[in-house]
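Participant: If you scroll down you'll find the structure; I have some questions about it.
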Amino acid sequence: MISIYNTFLAPLLRRMSNLEQLSLYFISPHGPIIDGDHLEKNIINYMPKLNKFGFSVHSNVLLNKQIYLPSNDDIQKSFRKFQKNHVISNVGYFSQENQYHCHVYSYPYTLTYYDNITNNFSSGLFKCVRAISLFDERPFEHDFFFQIAQCFPYLEKLNLHNRQLQKNENQQLSLIKFPHLVELDLVRVHESYVEQFLDYRKTSLPNYVYLYVDYRILDQYGRRENYC
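What follows is the structure, given as structure tokens:
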């Protein structure tokens, strides 16, 4: 697979030697893994006048195509020379998809969306974000959604992809509040997440919400609620 990053994006940026500010947001879906050393060697070193650099970069590689897969600590160390940036990184290994994911970004985060949040999410405050997507091969528990609600106070759209049954062993559950949510996609989820969001004892959704969900799962949930 030919990498657009290697053949087009990086060469293009290297020709912009007079740039003083750069905002860089892209996905590298087939590699390479973009870390601090990579950004410095292939982009930053070609921009001697650069004094402000904001970025958000996703890198994905197949697990069987990469001999060495850096840990999150390795990724953090690669940004040791980025003195002007607070850099956050998250890595994940997904055996069912046979993929390794790496997301690096400068903080504060200024984009209006944040995709592919996993259980490895590093927390923070994201006041600009209005839409997020959540994905993992491990279940998302109630405490995770509570954290998401706190980190994204102005969230309007949420897309969830998780087929794993919730455990929610903690019985002292705090009410989760999404005061601005108007769109909720639960098409690719285990039925336990329908209960997570529609049970008013677990989650507060004060607005009219466009709900995308498998009707069969919704019907099963409704039957259980009526039976109880």
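When the letters of the sequence shown are read in order and numbered with the UniProt record's numbering, they come out as residues 1 to 228. No residue lacks a Cβ here, since even glycine has one placed at the ideal position from N, Cα and C. Keep in mind it's a predicted model, so treat the numbers as computed, not measured.
In three-state terms, what does DSSP make of GLN21?
Facilitator: Strand.
Participant: From the DSSP output, which residues share a beta bridge with GLY92?
Facilitator: Beta-bridge pairing links GLY92 to HIS101.
Participant: Quick check on this structure: which residue in PRO179, SER106, GLY36 and ASP37 has the alpha carbon closest to the alpha carbon of GLY124?
Facilitator: When only C-alpha atoms are compared, the closest one is SER106.
Participant: Pull up the distance between the alpha-carbon of VAL112 and that of ARG188, whole angstroms please.
Facilitator: Per the sequence shown, residue 112 should be read as Thr rather than Val. The straight-line gap from Cα to Cα measures roughly 23 Å.
Participant: To the nearest angstrom, how far is it from the Cα of TYR114 to the Cα of GLY222?
Facilitator: Cα to Cα, TYR114 sits roughly 31 Å from GLY222.
Participant: Apart from the five residues on each side of it in sequence, which residues of its chain come closer than 7 Å, Cβ to Cβ, to PRO206?
Facilitator: Here the set comprises PRO179.
Participant: How far does the beta strand (DSSP E) with ASN120 in it reach, from first residue to last?
Facilitator: ASN120 -> no beta strand (DSSP E), and no H or E assigned at all.
Participant: Among TYR193, LEU155 and LEU19, which has the Cα closest to the Cα of PHE126?
Facilitator: Selected option, being the one with the closest Cα: LEU155.
Participant: What number of angstroms, rounded off, separates the C-alpha of residue 229 from the C-alpha of GLY92?
Facilitator: In the structure displayed, the chain extends from 1 to 228; residue 229 sits before or after that span and is not available.
Participant: What ranges does the alpha helix (DSSP H) occupy inside the stretch 20 to 77, keeping only unbroken runs of at least 4 residues that lie completely in it?
Facilitator: 36 to 42 and 72 to 77, all fully within the stretch 20 to 77.
Participant: In the DSSP assignment, what are the bridge partners of LEU12?
Facilitator: In the DSSP output, where bridge partners are listed per residue, LEU12 has none listed.
Participant: Just confirm the distance between the C-beta atoms of ASP37 and VAL104, as a whole number of angstroms; I'd bet it's less than 8 Å.
Facilitator: Not a contact, Cβ separation roughly 11 Å.
Participant: Taking 7 Å as the limit between beta carbons, can you name the residues of its chain near residue 231, skipping five residues before and five after?
Facilitator: Residue 231 cannot be examined here, being either before or after the span of the chain that is shown, 1 to 228.
Participant: Rounded to whole angstroms, how far is the Cβ of PHE94 from the Cβ of GLU137, which I believe are closer than 8 Å?
Facilitator: Contact flag correct, Cβ pair sits at about 5 Å.
Participant: Roughly how many angstroms separate the alpha carbons of SER122 and GLN220, rounded to a whole number?
Facilitator: Computed Cα separation, rounded: 34 Å.
Participant: Residues in its own chain within less than 6 Å of PHE145 by CB, not counting five upstream and five downstream?
Facilitator: Within the same chain, PHE145 has close Cβ partners ILE176.
Participant: Can the beta-carbon of TYR215 be found closer than 7 Å to that of GLU183?
Facilitator: For TYR215 and GLU183, no; Cβs fall outside 7 Å.
Participant: Using the beta-carbon count (16 or more within 10 Å), is SER204 buried or exposed?
Facilitator: With fewer than 16 Cβ atoms within 10 Å of its Cβ, SER204 is classed as exposed.
Participant: Pick helix, strand or coil for VAL194, following the three-state DSSP scheme.
Facilitator: Here VAL194 sits in helix by DSSP.
Participant: Thinking LEU22 and LEU50 are a contact (beta carbons under 8 Å), I'd like their distance in whole angstroms, please.
Facilitator: The Cβ separation is near 6 Å, so the contact holds.
Participant: Does the Cβ-Cβ distance between ASN64 and PRO29 come in under 7 Å?
Facilitator: Contact: no.
Participant: Ends of the alpha helix (DSSP H) at ASP143?
Facilitator: Where ASP143 is concerned, the enclosing alpha helix (DSSP H) stretches over 142 to 151.
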